[in-house]
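*Asks:*
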Amino acid sequence: MKKKNNIGERGEGIRKIHITGGGYSYTVNLPVSVVKGLRWRDNQKVVVRRHGEGILISDWKPKK
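Heads up, the final residue of the sequence shown is numbered 67 in the numbering used here, and it's a clean run with no missing numbers.
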């Protein structure tokens, strides 16, 4: 039996970083199971912040 990590089985949590936009942006593909679990949609706004040695991606909330 395979051990589960915090995202799923079979190394689903391992992703590559790709350069886009002539080197001004980077992209990382997220597993479908993670996006569906968070109920995120296509073109949804998210906030990306540095968090220690990693990053934190959270839902964008408009200012009231």
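All C-beta atoms in this analysis are idealised placements derived from N, C-alpha and C, irrespective of residue type, glycine included.
For LYS48, which residues in the same chain have their Cβ closer than 7 angstroms to its Cβ, ignoring the five residues on either side in sequence?
*Replies:* Correct list, in chain order: TRP63.
*Asks:* Three-state secondary structure (DSSP) at GLY26?
*Replies:* Reduced to three states, the DSSP call for GLY26 is helix.
*Asks:* Excluding the 5 residues preceding and the 5 following GLY55 in the sequence, name in chain order all residues of the same chain whose CB lies nearer than 6 angstroms to its CB.
*Replies:* Closer than 6 angstroms at Cβ, skipping near neighbours: no residue.
*Asks:* GLY40 by DSSP, collapsed to three states: which one?
*Replies:* If DSSP states are grouped into helix, strand and coil, GLY40 belongs with the helices.
*Asks:* Just the Cα atoms here: how many angstroms apart are ILE58 and VAL50?
*Replies:* So the two alpha carbons sit approximately 10 angstroms from each other.
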